[in-house]
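Asks: Those sequence lines, one after another, are chains Y and V. Using the working numbering, you'd call the opening residue of the first sequence number 11 and step up by one each time. Using the working numbering, you'd call the opening residue of the second sequence number 11 and step up by one each time. Submitted below is the structure of interest, expressed as structure tokens.
There are 2 protein chains.
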Amino acid sequence: METGTSQRDDQRQAAERRRRELLEAADRVVLRDGPEASMNAIAAEAGITKPILYRHFGDKGGLYRALAKRHTDALLFSLRAALDAPAPDRRRRVEATLDTYLSAIEARPQVYRFLMHPADHGQQQEQGFDVGHHSAPLLRRLGEELAKVIVERVELGPGGEEQARVWGHGIVGMMHAAGDWWLRERPCSREQLVSHLAELMWGRLAVADDRVGGPTF
Amino acid sequence: METGTSQRDDQRQAAERRRRELLEAADRVVLRDGPEASMNAIAAEAGITKPILYRHFGDKGGLYRALAKRHTDALLFSLRAALDAPAPDRRRRVEATLDTYLSAIEARPQVYRFLMHPADHGQQQEQGFDVGHHSAPLLRRLGEELAKVIVERVELGPGGEEQARVWGHGIVGMMHAAGDWWLRERPCSREQLVSHLAELMWGRLAVADDRVGGPTF
DNA sequence: ACCTGCTTGTTACCTGCGGTAACAAGAGTG
DNA sequence: CACTCTTGTTACCGCAGGTAACAAGCAGGT
């Protein structure tokens, strides 16, 4: 024993460094080849062979979870920041948060597709139909986080916590579905999308008139 | 040639009947074993062997698509019915449609999980992480259908069509995410969930007060 | 009667993946 | 030196999706 730190700690640190390196290699492969990247491919990118990956991550799910957690944490961090940033009123705050989310998925669609739709692999048409998927964990985390924020900041009266959780998951789902569709079809600018969604949440559907001549809605 | 119909038509009809039979067998297996059912298992259930399945459906994705389409059509049909049923006002109509959707996923969670989360297989913990998934097609279809209904019935002024599509996908996403979370955790009754979601869409978040002592939101 | 064409079905195989067992080599420690 | 711990390897298993090649039944044409 030469150093002040115990040998045990040295080994732990080395293992964690290695783990990070492996995760970065996996990240590169997943972002290049899509989420159906094989363990062999990831191992090759990292310059090693399969069993090492399995020693570090248990199984493929473990690796994917670790990978997803990194990205999810980062996304959650920026959303929290947008939610906490100063804003003139609640609507601006909501718009800023929506815009942050949409900017994130717009800026790195590969990451987004890995987190949400590991199905559609790369350039391929809609050939493969079923592949890996792990959207649920991310969406559930986002929903719960938003619920926390709502219950903590909005006065909702009795039963408010339950309502906040419903809203949290509902709003996250709205944002996700609309963002997914928008990213795929790009039917309008980001600002317009944000505005439309905010209008929806601000109850414009409730007060819009029926179309003349059509059935009531 | 004995019958009035051409022999060609007879064969086509027979092939389609066979296809339906195979789909029903596949349905049974998928609903029993979960969405990760193997082609061998499906073939066995149908009393035949793999290559026949491949002759009928091309590949596994083809079979799953065909299966998903059946269920999606059925769901869409009942949602349409709820949307077209007589109702005193728009809010009741929306609530009835939400309730129809939630009832459907509540009544047949196996089908729902197949359509949306083919991942979590059966009783298993969260071991397997990635499996088949095809939620996107269903969600996109629902979103587009709802957009049609909105644009057709609600007066939104210029740019209304774009807004309607955003709303369609957003509302469907909200319903889906909230429903998924609710089905998993059952935190409240169906009626309450419907009511909370309707309140959200009716803009209650917009008019709720800030919580005293907390930061603004 | 015989051959032809078509569909239905089979067996037996290939490929590639996730995952694992068994073993080799280096390095610190008594 | 022997012991152990980690890192790495090769070689394999089981199983999935997918396919080729061939057998059998059954129209219809000549």
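All residues carry an ideal CB built from backbone N, CA and C; glycine is no exception. Since this is a predicted model, take the numbers as computed values, not measurements.
Do V/VAL39 and V/LEU112 have their CB atoms nearer than 8 Å?
Replies: For the purposes of this step, residue 39 of chain V is identified with residue 29 of the second sequence, where counting begins at 1. For the purposes of this step, residue 112 of chain V is identified with residue 102 of the second sequence, where counting begins at 1. Cβ distance not < 8 Å, so V/VAL39 and V/LEU112 don't count as in contact.
Asks: Should Y/GLY223 be labelled buried (16 or more other beta-carbon atoms within 10 Å of its own) or exposed?
Replies: Numbered from its first residue, the first sequence carries residue 223 of chain Y at position 213. Exposed.
Asks: Tell me, please, whether the CB atom of Y/ASP37 is closer than 8 Å to any CB atom in chain V?
Replies: Sequence index remark: in the first sequence, residue 37 of chain Y carries index 27 (1-based). Not an interface residue.
Asks: Measure the alpha-carbon distance for V/ASP99 versus Y/ALA188 and round it to whole angstroms.
Replies: Position 89 of the second sequence, counting from 1, holds the residue named residue 99 of chain V. Position 178 of the first sequence, counting from 1, holds the residue named residue 188 of chain Y. One C-alpha to the other measures close to 26 Å.
Asks: With a CB to CB cut of under 7 Å and the five nearest residues on each side skipped, what residues in its chain are close to Y/ASP109?
Replies: One-based indexing of the first sequence puts residue 109 of chain Y at position 99. Here the set comprises ARG200 and VAL204.
Asks: Anything in the region 36-59 of chain Y with a Cβ closer than 7 Å to a Cβ of chain V? List those residues in chain order, please.
Replies: The region 36-59 of chain Y vs chain V, Cβ under 7 Å: nothing.
Asks: Give the range of the alpha helix (DSSP H) segment to which V/ARG194 is assigned.
Replies: For the purposes of this step, residue 194 of chain V is taken as residue 184 along the second sequence, with counting starting at 1. Unbroken alpha helix (DSSP H) run through V/ARG194: 170-195.
Asks: So Y/ARG103 contacts chain V; which residues on that side make the cut at Cβ distance below 9 Å?
Replies: Walking along the first sequence from the start, residue 103 of chain Y turns up at place 93. Chain V residues near Y/ARG103: THR226 and PHE227.
Asks: Here's the rule I'm using: 16 or more other beta-carbon atoms within 10 Å means buried, otherwise exposed. How should Y/ARG196 be labelled?
Replies: Sequence index remark: in the first sequence, residue 196 of chain Y carries index 186 (1-based). Exposed is the call here.
Asks: Taking C-alpha atoms, which residue in V/GLU162, V/PHE227, V/ARG150 and V/VAL104 lies nearest to V/ASP83?
Replies: Against the second sequence, residue 83 of chain V aligns to sequence position 73. The option with the nearest alpha carbon to V/ASP83 is V/ARG150.
Asks: What does Y/LEU166 reach in chain V if we use C-beta pairs closer than 7 Å?
Replies: The count along the first sequence starts at 1 and reaches residue 166 of chain Y at position 156. ALA218, listed in chain order.
Asks: Mind checking if Y/GLY183 is an interface residue toward chain V, Cβ cutoff 8 Å exclusive?
Replies: Locating residue 183 of chain Y in the first sequence gives position 173, counting from the first residue. Yes, Y/GLY183 lies at the interface with chain V (some Cβ there is under 8 Å from its Cβ).
Asks: Among V/ARG101, V/LEU215 and V/VAL182, which one has its Cα closest to the Cα of Y/ALA157?
Replies: As a first step, residue 157 of chain Y is located in the first sequence; it is residue number 147 there, counting from the start. Cα-wise, what sits closest to Y/ALA157 is V/LEU215.
Asks: Between V/ALA218 and Y/GLU165, is the Cβ-Cβ spacing less than 8 Å?
Replies: Against the second sequence, residue 218 of chain V aligns to sequence position 208. Against the first sequence, residue 165 of chain Y aligns to sequence position 155. Yes. Within cutoff.
Asks: For V/VAL176, return the contacting residues in chain Y, with the cut-off set at a CB-CB distance below 7 Å.
Replies: The sequence position of residue 176 of chain V within the second sequence is 166, counting from 1. Within 7 Å Cβ-Cβ: ALA188, LEU203, HIS206 and LEU207.
Asks: At what residues does the alpha helix (DSSP H) containing Y/ARG221 begin and finish?
Replies: What you label residue 221 of chain Y is simply residue 211 of the first sequence in a count that begins at 1. Neither: Y/ARG221 is in no alpha helix (DSSP H) and is coded neither H nor E.
Asks: Out of V/LEU73, V/ARG65, V/PRO119 and V/ALA114, which one is the CA nearest neighbour of V/SER48?
Replies: Here residue 48 of chain V corresponds to residue number 38 of the second sequence, with the count starting at 1. Of V/LEU73, V/ARG65, V/PRO119 and V/ALA114, the residue nearest in Cα terms is V/LEU73.
Asks: Could you tell me if V/ILE62 is buried or exposed, where buried requires 16 or more neighbouring beta carbons within 10 angstroms of its beta carbon?
Replies: Taking the first residue of the second sequence as 1, we reach residue 62 of chain V at position 52. Exposed.
Asks: Please report the straight-line C-alpha distance between V/GLU159 and V/GLY170, rounded to a whole angstrom.
Replies: Counting from 1 along the second sequence, the entry for residue 159 of chain V is found at position 149. Counting from 1 along the second sequence, the entry for residue 170 of chain V is found at position 160. Per the sequence shown, the amino acid found at residue 159 of chain V is Val instead of Glu. The straight-line gap from Cα to Cα measures roughly 12 Å.
Asks: Mind checking which residues open and close the alpha helix (DSSP H) that includes Y/THR199?
Replies: Against the first sequence, residue 199 of chain Y aligns to sequence position 189. Just to set this straight, residue 199 of chain Y is Ser in the shown sequence, not Thr. Element bounds for Y/SER199: n/a, residue is neither H nor E.
Asks: Check the Cβ of V/VAL65 against every Cβ in chain Y and list those closer than 8 Å, keeping chain order.
Replies: Taking the second sequence and counting its residues from 1, the one referred to as residue 65 of chain V is at position 55. A small correction: the amino acid at residue 65 of chain V is Arg; Val does not occupy that position in the sequence shown. Those within 8 Å of V/ARG65 in chain Y number zero; the least Cβ separation is about 18 Å.
Asks: Please name the residue or residues paired with Y/VAL164 in a DSSP beta bridge.
Replies: Locating residue 164 of chain Y in the first sequence gives position 154, counting from the first residue. Y/VAL164 pairs with V/ASP220.
Asks: Mind checking if V/GLY138 is an interface residue toward chain Y, Cβ cutoff 8 Å exclusive?
Replies: For the purposes of this step, residue 138 of chain V is identified with residue 128 of the second sequence, where counting begins at 1. A caution first: V/GLY138 carries a pLDDT of 35, below 50, which makes its placement in the model unreliable, though a value can still be read off. Taking Cβ atoms only, chain Y reaches closer than 8 Å to V/GLY138, which makes this a yes.
Asks: Is Y/THR226 buried or exposed, if buried means 16 or more other CB atoms sit within 10 Å of its CB?
Replies: Here residue 226 of chain Y refers to the residue found at position 216 when the first sequence is read from its first residue. By the neighbour-count rule (16 or more Cβ atoms within 10 Å), Y/THR226 is not buried but exposed.
Asks: Does the CB of V/VAL121 have a neighbour CB from chain Y at under 8 Å?
Replies: Taking the first residue of the second sequence as position 1, residue 121 of chain V is located at position 111. So, not an interface residue.
Asks: Compare the C-beta of V/HIS179 against all C-beta atoms of chain Y and say whether one is closer than 8 Å.
Replies: In the second sequence, residue 179 of chain V corresponds to position 169, counting from 1. Chain Y contact via Cβ: present.
Asks: Here's a check: name, in chain order, each residue in its chain whose Cβ is nearer than 7 Å to the Cβ of Y/ALA51, leaving out the five neighbours to either side.
Replies: Against the first sequence, residue 51 of chain Y aligns to sequence position 41. Contacts found: VAL39 and ASP43.
Asks: Look at the alpha carbon of V/GLY167 and the alpha carbon of Y/LEU207, and state the distance between them as a whole number of angstroms.
Replies: Taking the first residue of the second sequence as position 1, residue 167 of chain V is located at position 157. Taking the first residue of the first sequence as position 1, residue 207 of chain Y is located at position 197. Looking at the two C-alpha atoms, the distance is approximately 16 Å.
Asks: Under DSSP, the alpha helix (DSSP H) around Y/THR110 begins and ends at which residues?
Replies: Start at 1 with the first residue of the first sequence, and residue 110 of chain Y comes out as number 100. It spans 100-117 - the alpha helix (DSSP H) in which Y/THR110 sits, taken as one unbroken run.
Asks: Residues in the same chain with beta-carbon distance under 8 Å from Y/GLY183, minus the five sequence neighbours each way, listed in chain order, please.
Replies: Position 173 of the first sequence, counted from the start, is the residue given in the question as residue 183 of chain Y. Here the set comprises LEU149 and GLY153.
Asks: When you compare the CB positions of V/GLY213 and Y/TRP212, do they come within less than 8 Å of one another, or not?
Replies: Looking up residue 213 of chain V in the second sequence gives position 203. Looking up residue 212 of chain Y in the first sequence gives position 202. Yes, Cβ-Cβ distance for V/GLY213 and Y/TRP212 is below 8 Å.
Asks: Cβ closer than 7 Å: which chain V residues qualify as neighbours of Y/GLY223?
Replies: Mapped onto the first sequence, residue 223 of chain Y falls at position 213. Within chain V, no residue comes near Y/GLY223; the closest Cβ sits about 10 Å away, beyond 7 Å.
Asks: May I ask which residues mark the beginning and end of the alpha helix (DSSP H) holding V/ALA47?
Replies: Here the question's residue 47 of chain V lines up with position 37 in the second sequence. Taken as a continuous stretch (DSSP letters only), V/ALA47 belongs to no alpha helix (DSSP H), as it is neither H nor E.
Asks: Out of curiosity, what's the CA-to-CA distance linking V/MET185 and V/ALA146?
Replies: As a first step, residue 185 of chain V must be located in the second sequence, where it is residue number 175. As a first step, residue 146 of chain V must be located in the second sequence, where it is residue number 136. Looking at the two C-alpha atoms, the distance is approximately 14 Å.
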